[in-house]
Each structure stands twice: as C-alpha cells, then as structure tokens.
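Asker: Take a look at this one; I'll ask things after.
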Amino acid sequence: MTETNSSSRRRATLAILFGIALSSGMAHAHDAGSWHTVWAAAMVRSPVPASDVRPTAMTAPRLQRQTLRQMVLLSAGGSRTRIRISNTFGTHPLHIDAASVGRSAAADVTGRLDPASLHALRFSGHVDLVIPAGAVRYSDPLDFPVRSGESLGISIYVGGTAVPSTWHVDALRTNLISAPGDYTGKAAMPVATTTGATLWLSGVEVQAKAPLPVLVALGDSITNGFRSTLGASQGYPEQLARRLRARGEACHVAVVNAGIDGNEISDRDGGYGPGEGMATRFDRDVLGQQGVRFVLLLGGVNDIGETTMALRSQGKTLDGQAVATNVIAAEQQIIGRAHAAGLRIFGATILPFEGTRGAYSSAGERARKQVNDWILHRADFDGVVDFDAALRDPSHPARMRPDLDSGDHIHPNDKGYASMAAAVPAIWLGCPP
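Residues -29 to -1, 1 to 404 (mature numbering (1 follows the signal peptide of the UniProt record, and there is no 0)) are what the sequence shown spells out, left to right.
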C-alpha cells in the first residue's frame, strides 16, 4: 500500500468512525440547551474598493429614518431564538432604534410577515441598541420556537442616518427598505427600495433541546450560491441542509453558509476579491459560529482566476506554481486551526473552469490540478469531497458538465449545486448510514 492510499484510507476511516460515534450519542453534553447558529452571513467591509478585476467600487445603501426587512432561511429549529447584529467593520457606533422578528407569511419570501408571529427584540432589556465600532451584539433570548426550513423576517429601524460599513454583498434574495418610518411592528410595509445585500445581520441562533452539531461551509461565490435562482435558496449548503432535513431527526444538523463572492483562500495572492481571505477570517466566520462541529472548505479558484485576470490587465502571466503553493499553505493553516479547536474539517477539490472569460489559463489549470492532487492525496483533512469529479465533463475534464453549468463556466446552476450537495457523505455529519 502506498503512502497516498494509506492517507486516504485513514481519513475515510476516521470520518466513518466519527460519524458512527456521533450518531450513537457521543456529542458534547453542553450541546442540548446551548446556543447554535442556524443561519449566518459572512460580512465584508463597505465600500468594497475597485480593483484590477472589478472596475467599480461597491457601496452599501444608506438608510435614513427607514426600516430594513431582511429574510433568512433557517437550517435547523429550536425553542428559543436570538439575533446577532454586527458592526465589525464600522468606524462609528451603530444606533438601532428598534428591531423585530416574525415568520414569513408568503412562500415566495416577499417580506410580508405573519402578524401574529411578530415579536419586538430587546437588547439588555431595551428596545434600542448602540453597537460600538468593531463590535457585535446579540438580542435578548426570545421564547420564539422556530422550525428547520422556516423563513423569518428580521426588521431593523434606523431613526437617524446610517451608511452600513458591515455587509454581505450578495444575499441571493431581495431585502426591503421602507419608506420613512418604523415598521418593525407591522406585517407589511411600504417599500421605497430594495437591496440584494444583507446589512449588519450576521447570524440567527437557537437553543435546541437535543444536540445540534453545526457545519460551516467556508468558501467563495460557489459556496455562496452565485448564479443560482434568486430567492430560492439553491446554493449547495442550502440544498445540503434540505437533504439532511429530509432524513428526519436522525440527521439533526445545522448548515451555515460562510461563502463570499470573489473571496480568496489566501491574502497572499493579491486580495482582489471582497473580504479578507478565508485563512484570515476563519476565526470570525467559523469559530465564531455557536455550536460549530464541522467545517467544509472549498476555495482556491479565485486565487487562481482573479490573479490571472489582474496579471493580464498588467500585461503579465500567472506563476501557477506560486499560486498553488500559497493556496496549499493557506489550507494547511486552516486545517491546523480547525483541528486545534477540536473540529472535523473536510476539504473539497476545486471545480473545473475552462472557458471562464479572462480567468482561465493553462498555467491556472496546472495550478488547479496541483492543488486538487494535494487535497485528494496528501492533505490532513478528515475527509475529502471531490466536487471536481462530481461536476467535470468526462469528455473534457477541464470544463464543467454543460447541464450543470450556469453559463459562465465557473459557477454551477441549481442542478450543479444539487450535485455538490449530494456528494457530501451524510455519515460524516453523524447521520446513520
């Protein structure tokens, strides 16, 4: 037996044994009754500056005496609920005058809420809240039972003027900004404008009566679900959550999406995408999630593709070996930090992307293959999901299968994201075989 085969078999055996142990009840005793993240958004700084791969800056919308209503889909349920609001990248205190939570009253998540379900949120007993620059705050725990797969509307009223410095650029759903006024206590509100971003709202947590392990999917736009159907929650983490939910209480796992469009795994390759690299933001976006037990890491395509685009704009070519080395080093760092925190971390191979305008090159393809070979055969992951094998065209392995391609040759369509979700072994997450 070669060292490569031995390493792969060791990872698979560890993952299977861990899955059997967890499904048999070997979970931390504090899990039942403690807080668990069941929805989250990975935040970046606003404005996102222009770069060699993005000609225009992106800025969060301003609010002035308006109510912001944001819709979220919960990946698991619980008996009590609390909301996490972030001013992580703020340079000034954030003043919120009122906030509320309610259940969505419409299957298409239009922002209309069930009036009987509306609850005002309090913060240390107060209806208003001031969050210092760089800080995160939680609402007081609310006796508000929620179900897995349920959509909530979370409303925030800003009585003054605020330009968010902390946001998630691509929510893949439409959030609402009202005409002037506090509509946190109303089921419907007059809409002045909409935004495709998530502003300040960074997490929803629940208390569960039974152990509830949390899987954080850490990645880029492919993890975020870019080019999936708007408002339909068709990204691979959301489809994985539905797949696990369909298995019933024997597979009680929350899935949290920590993807950021354009994000790189290493900050050493230029930092052309929004947000800090995955290795840099690991503590906040993974270890900062309550109840996290598992991590699924997918990254590297932007380190290759965005660097290729930037260098081309400068009349230069990619050093694929250098980029691959940086990606591998960043993944090794993340693996070590996950294991040091007692987490199980699963790796994923980089999807094929030949045909992607500006981002693909032969040097980049060699870098992708080098990173994937390391992930599959030498990395110290507790398991590897071969997304490359699941989505590549058998007749042209450097390309994505046409029926799974959204059309830009780098992002899957809804069916492609479903194939990714189906490729994740549920037993790794403590579910019965």
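No residue lacks a Cβ here, since even glycine has one placed at the ideal position from N, Cα and C.
Just how far apart, CA to CA, sit Pro403 and Leu183?
Answerer: Spanning the two alpha carbons is a distance of roughly 15 Å.
Asker: Beta strand (DSSP E) containing Glu176: first to last residue?
Answerer: Leu172 to Gln178 is the span of the beta strand (DSSP E), which, as asked, contains Glu176.
Asker: Who are the Cβ neighbours of Arg216 in its own chain at under 7 Å, not counting the five residues just before and after it?
Answerer: Excluding positions up to five away in sequence, the list reads Ser119 and Gly120.
Asker: Indicate whether the contact test is met: 3 or more Cβ pairs, each with one atom in the segment 71 to 78 and one in the segment 86 to 106, closer than 8 Å.
Answerer: At 8 Å Cβ cutoff, the stretches touch.
Asker: For Tyr109, which residues in the same chain have their Cβ closer than 6 Å to its Cβ, ignoring the five residues on either side in sequence?
Answerer: The residues are Arg53 and Arg55.
Asker: Hey, Ile231 and Asp274: beta-carbon distance below 8 Å or not?
Answerer: No. Outside cutoff.
Asker: Helix or strand or just coil, what does DSSP make of Tyr154?
Answerer: In the structure shown, Tyr154 sits in coil (DSSP, three-state: anything other than H, G, I, E or B).
Asker: Under the DSSP definition of a beta bridge, which residues are partnered with Arg317?
Answerer: Strictly speaking, residue 317 in this sequence is Phe, with Arg absent from that position. DSSP, once it has assigned bridges, lists Leu267 as partnering Phe317.
Asker: When the Cα atoms are used, what is the spatial distance from His102 to Gln210?
Answerer: Just to set this straight, residue 102 is Ile in the shown sequence, not His. Their Cα atoms are separated by approximately 34 Å.
Asker: I need the straight-line Cα distance from Arg328 to Gly270, nearest angstrom please.
Answerer: If you take the alpha carbons of Arg328 and Gly270, they lie about 19 Å apart.
Asker: Excluding the 5 residues preceding and the 5 following Val140 in the sequence, name in chain order all residues of the same chain whose CB lies nearer than 7 Å to its CB.
Answerer: Closer than 7 Å at the Cβ level, and outside the excluded window around Val140, lie Val15, Val19, Met29, Ala168, Asp232 and Pro245.
Asker: For Met371, does the three-state DSSP call read helix, strand or coil?
Answerer: Looking at Met371 - three-state DSSP - the assignment turns out to be strand.
Asker: Relative to the alpha-carbon of Leu314, which residue among Ala133, Arg264 and Leu375 has its alpha-carbon at the smallest distance?
Answerer: Looking at the Cα atoms, Arg264 is the closest of the given residues.
Asker: My output table needs one value for Pro404: the three-state DSSP class, helix, strand or coil.
Answerer: Three-state result, Pro404: coil.
Asker: Suppose contacts are defined by Cβ-Cβ distances below 8 Å. Is Val177 in contact with Gly48 by that definition?
Answerer: Yes, they are a contact pair.
Asker: Taking the alpha helix (DSSP H) that Gln292 falls in, what are its first and last residues?
Answerer: Where Gln292 is concerned, the enclosing alpha helix (DSSP H) stretches over Gly291 to Ala311.
Asker: Given that a residue counts as buried once 16 or more other Cβ atoms are within 10 Å of its Cβ, and exposed if not, what is Asp376?
Answerer: Asp376 comes out buried.
Asker: Please classify Pro116 as buried or exposed, where buried requires at least 16 neighbouring CB atoms within 10 angstroms.
Answerer: Result: exposed.
Asker: Taking its Cβ as the centre, do 16 or more other Cβ atoms sit within 10 Å of Asp359, making it buried, or is it exposed?
Answerer: It counts as buried.
Asker: Which ranges does the beta strand (DSSP E) cover as unbroken runs of at least 3 residues, wholly within the segment 54 to 93, from first to last along the chain?
Answerer: Runs found: 65 to 67 and 69 to 74.
Asker: Report the rounded CA-to-CA distance for Leu(-8) versus Gly130, giving the unit in angstroms.
Answerer: Confidence is the limiting factor: at Leu(-8) the pLDDT is only 44, short of 50, which leaves the residue's position unreliable, though a coordinate-based value still follows. Each residue's Cα considered, the two are about 47 Å apart.
Asker: To the nearest angstrom, how far is it from the Cα of Ile148 to the Cα of Ala104?
Answerer: Straight-line Cα distance between these residues: approximately 23 Å.
Asker: Start and end of the beta strand (DSSP E) containing Gln35?
Answerer: Per DSSP, Gln35 belongs to the beta strand (DSSP E) from Leu34 to Leu44.
Asker: Among residues of its own chain, excluding the 5 on either side of Leu189, which ones have a beta-carbon nearer than 8 Å to its beta-carbon?
Answerer: Here the set comprises Ala229, Gly230, Met249, Phe253, Asp256, Val257, Val266, Leu267, Leu268, Leu269, Gly270 and Ile305.
Asker: Could you tell me which residues DSSP pairs with Asn146 in its beta bridges?
Answerer: In the DSSP output, where bridge partners are listed per residue, Asn146 has Thr166.
Asker: Which same chain residues end up closer than 7 Å to Gln205 when comparing Cβ atoms and leaving out the 5 residues on each side of it in sequence?
Answerer: Here the set comprises Gly196, Ser199, Asp385 and Tyr388.
Asker: Could you tell me which residues DSSP puts in a beta bridge with Thr132?
Answerer: Per DSSP, Gln35.
Asker: Around the Cβ of Ala392, are there at least 16 other Cβ atoms within 10 angstroms (buried) or fewer (exposed)?
Answerer: Looking at its Cβ environment, which holds 16 or more other Cβ atoms inside 10 Å, Ala392 is buried.
Asker: For Gln260, tell me which candidate among Thr132, Glu336, Ala225 and Trp345 has the shortest Cα-Cα distance.
Answerer: When each option's Cα is compared against that of Gln260, the closest is Ala225.
Asker: Output the distance between the C-alpha atoms of Ile398 and Ala311, rounded to the nearest integer angstrom.
Answerer: Taking the straight line from one Cα to the other gives about 22 Å.
Asker: Identify, in the order they occur along the chain, each residue of the same chain with its Cβ nearer than 8 Å to the Cβ of Ala(-1), setting aside the five sequence neighbours on each side.
Answerer: Legend: pLDDT at Ala(-1) = 33, less than 50; position of this residue unreliable, value from coordinates given subsequently. Around Ala(-1): no qualifying Cβ.
Asker: Measure the C-alpha to C-alpha separation of Arg218 and Phe317 and round it to an integer number of angstroms.
Answerer: Distance between the alpha carbons of Arg218 and Phe317 is about 21 Å.
Asker: Cβ atoms of Leu45 and Val187: under 8 Å apart, would you say?
Answerer: For Val187 and Leu45, no; Cβs fall outside 8 Å.
Asker: With H, G and I counted as helix, E and B as strand and the rest as coil, what does DSSP make of His223?
Answerer: Three-state result, His223: coil.
Asker: I'd like to check one pair, Asp364 with Arg370: are the Cβ atoms closer than 8 Å?
Answerer: A contact, by the Cβ cut-off of 8 Å.
Asker: In terms of DSSP beta bridges, what is Met29 paired with?
Answerer: According to DSSP, which records beta bridges pairwise, Met29 is partnered with Val19.
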